[in-house]
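Here's the structure, in structure tokens; my notes come after.
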Amino acid sequence: MARKVAGLVATLLATSFVIFGAAYAAPGDPVTFLAGGKENLTPEYLAAIRAQYHLDDPFVVQYLRWLGDALTGDLGRSLKYNDQVGDLLTARVPTTLGLVAYAAVLFVVFGVALGVLAAVRGGRTDAAVVAGTTFATSVPPFVVATALISLFGVQLGWFPVGGGGSLWHLTLPAVTLALGALAIISRVTRQAMVEQRELDHVTVARASGLSERLIVVRHVFRGALGPIVTMCGLVTAGLLAGTVTVESAFQLSGVGTLLVGAINTHDFPVTQAVLLLMVTAYIAVTTLVELVQPLIDPRARSRS
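So the sequence shown is residues -25 to -1, 1 to 279, counted in mature numbering (1 follows the signal peptide of the UniProt record, and there is no 0).
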């Protein structure tokens, strides 16, 4: 456990260093944005701003100051909104978390169901599920978003195409975000189920006269649950990055659109904070999956 905690801390430190270094090396001088206008771009005023925000300090000093402030909850002040970055994130995180949770429910329920159906039925059903999931993974999210908006939002008028605040508003964005993940989960479920059906204990259970449904539930699906849960957790963690495209397409006021706006306006404090939040959330979810996996999969428990 101590080794895992040390590795987690080291990963977060390395990630924070890369994020800060990327923003530091990005084109554009934050002083020009802090100046507030061309009329203020005098050498004296620019020097005063650099001194005020410690921008003349060496890179390592700036990084350590930023890291220390971040550890105490101070993520800086937005250059665009002139507001605390923490307050901006607090206002937008619920929308993003709601979108990710909604999409996770969709891809877990329908992805696992399709994978089980393909493994149990086989034949044409299996071929149809494989073909459908292959097509789903090949379509970019912005194309899916455009198609859903055009059909269900504009032509049929069943769902709103922008804004937020309710599950109804999040339905089309969640479907867009979940489609590619659904395809991944269905394939993993199908493969895990097929592998379990070929094991000796399943053959013995079938020879003892148990019904096929009981065999699938007690032996096949239970044995396949470990890799399914692991992949569901990893895909859920990866959905945070996918919210950038989806939130922009549906005009949701979430962390993804905040990141896009910060990049476009060179709002470095917001960019650094959002990226650090996404990476931290990803590492936290994957670590949780790693801790839960031995409780579900006896093979993982024996290896550990």
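Beta carbons: idealized from backbone N, C-alpha and C, even for Gly.
Could you name the residues that DSSP lists as bridge partners for residue i?
i, result
"Q59", "R52"
When you compare the CB positions of residue i and residue j, do they come within less than 8 Å of one another, or not?
i, j, result
"A256", "V245", "no"
"V68", "V230", "yes"
"M168", "V104", "no"
"V221", "T121", "no"
"L233", "V249", "yes"
"A111", "A158", "yes"
"G198", "Q171", "yes"
"L46", "Y56", "no"
"V95", "V177", "no"
"L89", "S161", "yes"
"T70", "L227", "yes"
"Q247", "F(-9)", "no"
"T(-11)", "V254", "yes"
"A(-18)", "T262", "This sequence places Leu at residue -18; Ala is not what is there. In contact: L(-18) and T262 (Cβ atoms closer than 8 Å)."
Looking at C-alpha atoms only, which residue of the options is the closest neighbour of residue i?
i, options, result
"Y38", "A(-4), A78, V129", "A(-4)"
"L74", "A(-1), V114, T146", "T146"
"A156", "M206, R193, R52, K(-22)", "M206"
"A(-1)", "M253, F243, P269", "F243"
"S113", "L154, N239, D101", "L154"
"W143", "T(-15), L252, A(-12), A78", "A78"
"N239", "V(-8), S223, L251", "S223"
"I203", "V(-21), G98, G86, F134", "G86"
"V84", "F127, T164, A(-24), T(-11)", "T164"
"L251", "K(-22), V60, R(-23), R25", "V60"
Look up residue i in the DSSP assignment and say whether it is helix, strand or coil.
i, result
"W41", "helix"
"W133", "coil"
"A22", "helix"
"V114", "coil"
"I(-3)", "The residue you asked about is not Ile; residue -3 is Ala in the sequence shown. Of the three classes helix, strand and coil, the one that applies to A(-3) here is helix, per DSSP."
"T220", "helix"
"E173", "coil"
"Q268", "helix"
Got a sec: is the Cβ-Cβ distance from residue i to anything in chain D below 8 Å?
i, result
"L233", "Protein chain content of the structure displayed is limited to a single chain, and chain D is not contained in it."
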